[in-house]
Each structure stands twice: as C-alpha cells, then as structure tokens.
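Counting from 2, one number per residue, gives the positions in the sequence shown under our numbering. A virtual CB, placed ideally from N, CA and C, is assigned to each residue, including glycine. Working notes, beginning with the structure itself.
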Amino acid sequence: MEQKHLAAQVKKPALILIGLLAIATTLRAPILGVGPLVQTLQSEFSLTSTMAGFITAFPLIALGLIAPFAGKLSRYIGFEKSIVIALLIMIVGVCIRSAGQEWQLYFGTVLIGVSIAIGNVLLPGMVKRDFPNKIAKVTGNYGMAIGLSAALTSATAVPLMNYFGWQTALACSLIFPGIALLLVTLRMCREGNLSPIKTSLGKSNKNVWSSILGWQVTVFMSLNSIIFYAIVTWLPSILTDAGNTREAAGSIHGFMQLASIVPGLVLGPIVARMKDQRIAAALLSILQLVALGGFIYQPSFAFIWAFMFGMGSGGALILSLMFIGLRTSSPQEAASLSGMAQCVNFLIGAFGPALAGKMYALSGSWLSTLYAGILLAAIMALVGIFAGRNKTI
2 MEQKHLAAQV KKPALILIGL LAIATTLRAP ILGVGPLVQT LQSEFSLTST MAGFITAFPL
62 IALGLIAPFA GKLSRYIGFE KSIVIALLIM IVGVCIRSAG QEWQLYFGTV LIGVSIAIGN
122 VLLPGMVKRD FPNKIAKVTG NYGMAIGLSA ALTSATAVPL MNYFGWQTAL ACSLIFPGIA
182 LLLVTLRMCR EGNLSPIKTS LGKSNKNVWS SILGWQVTVF MSLNSIIFYA IVTWLPSILT
242 DAGNTREAAG SIHGFMQLAS IVPGLVLGPI VARMKDQRIA AALLSILQLV ALGGFIYQPS
302 FAFIWAFMFG MGSGGALILS LMFIGLRTSS PQEAASLSGM AQCVNFLIGA FGPALAGKMY
362 ALSGSWLSTL YAGILLAAIM ALVGIFAGRN KTI
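Encoded structure:
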C-alpha cells in the first residue's frame, strides 16, 4: 500500500486535532437535537407519531444509502475537499430544516443525513492519515466530542425553544458545521491542496457479505443502532408521559448523551486486557436491557436509567467499531466490513424511531416500545457473544 502520512509533515498537530474534533461534533448533534422538540413539531405540523419518527429516520436512511460512496468521493478529490462539501451541505440542510414548513423540515433532515454520511465514513481515515501512531487515543477523543456535542444540543434544545422558538432551537446546531468548516478551510489555505491519498487496495479474497462472522458484527451494530435511535428520538416523550416536565425530560435526554462518552475513556484499556470481547459485548447489551426495564418499573429514577442506557449504547457503538478491525485480517477486509456494517446499520436503525412511533400510535402507550427494546437488547447480547469471539473472517 502506497500511503504518505501527513503527520510527519504537520508542524501544528494540536491544530489538526482540533479540526478533527470539530468535524466530529457534526456527526450526531444535528440529528439528536430534534428529540426534545418532537412533541412541539407534532403539534406545529399535526404529525402522527409515525411521521414524527421519520424526522430522525430520513437522515439515517440517507446515511445508509450514501455511506458506501463517501470513500470513492475522497479518492477523487481528497479528504478535505470532501469534508468541505459535506459541511456546506449540512449548513444548507440545517437552514432549510429551520425554515418553518413541513416539507422543509423533512428535506433539510435528508440533506443533513447526506452530509453526516460523508463525515462519518471519512473521519476515521483522516485520523489514520494524520495521527497514524495515535489512532486509538484520537478516536477516543473524537468519540467524546461526538457525545459532548450531542449532549449539549439535547440539553439546550428546550430552553432555546422556550426563549426563541423551535426554529431557532433547530438552527443553533449551525454552530458545529460552521466552526468545522472554518477550521478545515484554514488548514487547506495553510497547507495548500492536500492530494487524495493513493492506495493500492486491490480486492479482498473474501466476500464479507457471505461471512457469518461479518453478519454477526453487522447485526450487533445494527441492533444497537435501532434501539438507540428509537430511544434517543422518543425518550423526552416517554419521560413527559411519565410525569416529567419538558425541561426535565430535555435535561435527562442530554444527560444520556453525556453518559455515552464515558465508555470512550475506559473501554479501550479494558478490552485490551481481554482475550476476547464476548463478556464486554454481553454486558453492554445487558446495561441497555436493565435501563429500559427501569424506565418501565421505576420511572422516578430516570436519571439513573438514562445514564446506564447511555453507557451501554455508547460502549456498544465503540465496541462495534473495534470489531471491524479485530474481526478482519487485512485493511481490504476491514474496509469492506465497514462499508457493509455501516450501510446495514443505518438503514435498519432508520426504522427504529418510526416503528416506535407506530407502536405508540397503535397501543397508546410507550410500554410496547420499551418491551420491544428489551427483547432486542437480549438478542443483541446473544449476537455479541458470537461477534466477540477471538477469530477473523
């Protein structure tokens, strides 16, 4: 493989790291900030629960459809230019989503999904290029940036809506792509045109789509996704139905996002000491199962259950990304498994919010959604035991 890492050429790695972290802040916050505002949007546009679920589902569908092509774009025009295009699309998407019409709400979310797909796929490659000897540390840092930005957006959404209206609350997520665009553009101006990295990947000898182990990794990631996006979309509604104020529900929602960054601090060293990841996969799934049960049987302890769910879901996401490298024997296989897992993951996860909303519409209660999440978490634990075995495709 022919690859020249820019790390050897970079004189100000701290500034490069800040730029990468700024990009990371755009990968969840624009989507997850909608959750605390769903009830308001339902009232504003007379949306059914199913249609409200699609506010989160549409960008995830776009993520799944666009993700396989993001790598090809970077090979033609380079990482930085691809990221600039993605950030511009995101800025346009956020503006359209905040414009005030129902069709603009949905169309804007689709554009946001397209932009996140590009950043989500390319950021790990940029980390590997710029910090080839610090991949784990930098990946943990950008994982925390994702969680912190999502937590900030969730926690401030309702107060901003109360003071300025829902349109302004949605528009405030512009700050993340705005800062990221500024930093990436400054880097391009300072370092000139960074050429696309040329690699001779060839073709993998194995087809990951026909691999049982590959599907176990993909299903583990996808189950975590469908549970997470359903809960992150509807938790404020679940909590208000249980008697919490919208402000309290928004704070708990943000606290859950904050909890998701904790695994980024501790999971790496713990997994490094394990001979395989079966126990870790099962425990992270069980954390989610217990948390969902807690929302049903002890809703007054919602802060505790939100913290547990954030820990379990955030940890399972990080572990899923680890699986992509650990379960493959070559960069080619890792790239193929990543494309397969992320494509299926987002397409399946996209239906979580809509299905949860439909179940609520049919039953008039969130109990069916929470019980379904418990069942999926149990299946996820079982699949994780297989995906966590110390073997490769």
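For the 8 Å CB-CB criterion, Gln-278 and Gly-141 do not form a contact.
Secondary structure at Ile-262: coil, using DSSP grouped into helix, strand and coil. By the neighbour-count criterion, in which a residue is buried when 16 or more other Cβ atoms sit within 10 angstroms of its Cβ, Cys-344 is buried. In the structure shown, Lys-359 adopts helical secondary structure according to DSSP, grouped into three states. Taking a cut-off of 8 Å for Cβ pairs, the stretch 151 to 161 and the stretch 252 to 266 touch, as three or more such pairs fall below it. Pro-14 and Thr-234 have their C-alpha atoms some 37 Å from each other. Where Ala-351 is concerned, there is no enclosing alpha helix (DSSP H), because DSSP gives it neither an H nor an E. The beta-carbon distance between Leu-74 and Tyr-230, rounded to whole angstroms, is 25 Å. This is too long to meet the 8 Å contact definition. Runs of the beta strand (DSSP E) spanning 3 or more residues and lying entirely within the stretch 112 to 179 do not occur at all. Shortest Cα-Cα distance from Gly-65 to any of Thr-51, Thr-49 and Ile-117 involves Ile-117.
Within the same chain, and ignoring the five residues on either side of Pro-178 in sequence, the residues whose Cβ sits closer than 6 Å to its Cβ are Thr-27, Leu-88, Met-91 and Ile-92.
Closest in alpha carbon position to Ala-30, among Ile-119, Gly-148, Gln-40 and Lys-138, is Gly-148. A Cβ-Cβ distance of about 4 Å is found for the pair Ala-317 and Leu-285, placing them in contact under the 8 Å criterion. Between the C-alpha atoms of Ala-100 and Gly-353 there is a straight-line separation of about 26 Å. A Cβ-Cβ distance of about 7 Å is found for the pair Ser-314 and Ile-228, placing them in contact under the 8 Å criterion.
A straight line joining the alpha-carbon of Leu-171 with that of Pro-160 spans about 12 Å. One Cα belongs to Ser-211, the other to Leu-338, and the distance between them is close to 11 Å. By the neighbour-count criterion, in which a residue is buried when 16 or more other Cβ atoms sit within 10 angstroms of its Cβ, Arg-191 is exposed. A contact between stretches requires three or more CB pairs, one per stretch, nearer than 8 Å, and the stretch 212 to 219 fails this requirement with the stretch 104 to 115.
Excluding five sequence positions before and after Asn-208, none of the CB atoms of its chain fall closer than 7 Å to its own CB. Annotation: the continuous alpha helix (DSSP H) that includes Phe-229 extends over 213 to 242. Looking at the backbone, the Cα of Ile-349 and that of Gly-20 are separated by about 31 Å. Using a 10 angstroms sphere on the CB of Val-267, the tally of other CB atoms stays under 16, which defines it as exposed.
Around the Cβ of Tyr-361, a 10 Å sphere holds 16 or more other Cβ atoms; the residue is buried.
Ile-319 is the residue among Lys-82, Ile-319, Ala-243 and Leu-16 whose C-alpha sits nearest the C-alpha of Gly-144. The alpha-carbon of Gly-251 is positioned some 25 Å away from that of Leu-363.
Under the 10 Å beta carbon count, Pro-37 is surrounded by 16 or more other beta carbons and is classified as buried. Beyond the five residues adjoining it in sequence on each side, Ala-58 comes within less than 7 Å, by CB distance, of Ala-351, Phe-352, Pro-354 and Ala-355 in the same chain, given in chain order. In this structure, DSSP gives Trp-367 a state outside helix and strand, which the three-state scheme calls coil. Contact between Gly-54 and Gly-358 holds: their C-beta atoms lie close to 4 Å from each other, under 8 Å.
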